[in-house]
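Quick note on numbering: our numbering labels position 218 of the sequence shown as 227, and the sequence is numbered without any gaps. Heads up, the beta-carbon is just placed ideally off N, CA and C, and yes, glycines get one too.
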Amino acid sequence: MIKCLQEHRCLIILDDAEQLLNPGAIAGYYQANYEDYGQLLRRVAQEKHQSALLLISWEKFLQLELLEQKNNTTASLTLKGLPTEEAEKILVDNGLFGNTEEWETLISRYRGNPLALNLVATTIEKYFNGSVSKFLSLNEVFVPEPIRLILIAQLNRLDKSEREVIKYLGTSTTPVSREQLRQDMTISSDSKLINVLQSLQRRSLIETFTDISQTFFTLSPVVSSVILSIK
């Protein structure tokens with residue numbers, strides 16, 4: 010295979026690559042009998058060739074973090090939501106109407122995710138006559154079932170400590186600092202808590218922001234809604 014990558018310019022794509030990783034444990038470790046993929050990634054990253062390997066995954070591989078430090082041929086990209094202009098186009102194309110503030114609120118709630126926006130837009134068009142205002146007046150965050158299924162599958166991969174942290178964040182009405190988490194939770198040490206938070210970030214399930222000297226952790230409205238519904 011390496012010889013083929015050297016002689017030809019190939020693109021290999023491994024989609025849903027998180028299926029190679031071990032569920033029920035800290036994110037990023039291979040499942041039993043899948044460790045040979047580690048050799049594949051290492052050789053593609055370190056040997057000379059003219060090809061590329063693309064991993065598409067909900068979870069970041071621990072091995073990739075190491076490879077990124079060792080060479081400049083390995084890089085990762087966390088996909089963000091669509092820019093506002095592109096997200097608005099999805100809503101308009103689905104026949105929705107609303108003012109600028111309503112557009113922005115709807116796009117922010119679903120973090121610009123194109124799948125979520127298309128599914129929500131279809132719901133608004135069918136059940137709210139295209140009115141974003143009427144949809145936003147709901148007293149809960151609507152989560153389309155396909156999105157719920159995807160998120161539940163991810164949540165089922167968490168270990169015990171990750172579940173504890175994410176349930177706490179799901180019930181909190183404001184972002185929470187690491188110090189507050191350490192104070193209110195039963196996790197045994199600061200190091201353990203940091204590892205859990207890093208794991209949840211690798212799984213793309215928590216959001217962070219820094220205010221002056223503190224980092225705060227929170228969930229998107231959609232993730233929080235799903236967690237509360239299965240509590």
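query: 4 or more residues per run - each alpha helix (DSSP H) lying fully within the region 30-70; result: 45-55
query: Sequence-distant residues of its chain with Cβ nearer than 7 Å to C19 (five each side left out); result: C13, S60
query: Element boundaries [beta strand (DSSP E), containing D220]; result: 216-220
query: Closest Cα partner of A41 within the set G47, I35, L50, N31; result: N31
query: Residue of E134, L124, N127 minimising C-alpha distance to L105; result: E134
query: Short Cβ contact (8 Å threshold) for G47 with G90; result: no
query: Span separating the alpha-carbon of V174 from that of V235; result: 15 Å
query: Proximity below 8 Å, CB of E97 to CB of W112; result: yes
query: Where the alpha helix (DSSP H) through Q210 begins and ends; result: 199-211
query: Bridge partner(s) assigned by DSSP for Q223; result: D220
query: Collapsed DSSP secondary structure at V141 in the structure displayed; result: helix
query: Rounded separation between V150 and S229 - CA only; result: 10 Å
query: CA-to-CA distance, H17 to S117, given in whole angstroms; result: 43 Å
query: Segment contact, 8 Å Cβ cut-off, at least three pairs: the region 218-232 with the region 160-180; result: yes
query: Spatial neighbours of I21 in its chain, beta-carbon cut-off 6 Å, leaving aside the 5 residues before and after; result: L62
query: Nearest residue (CA-CA) to F225, options A54, I239, R187, L76; result: R187
query: When I35, I11, D24 are compared against R172, the one with the closest alpha-carbon; result: I35
query: For A130 and N108, believed in contact at Cβ under 8 Å, the rounded distance; result: No, N108 and A130 are not in contact; Cβ-Cβ is about 16 Å, not under 8 Å.
query: Bridge partners - F106, DSSP secondary structure assignment; result: S140
query: Proximity below 8 Å, CB of L126 to CB of Y136; result: no
query: Endpoints, the beta strand (DSSP E) within which L20 is located; result: 20-23
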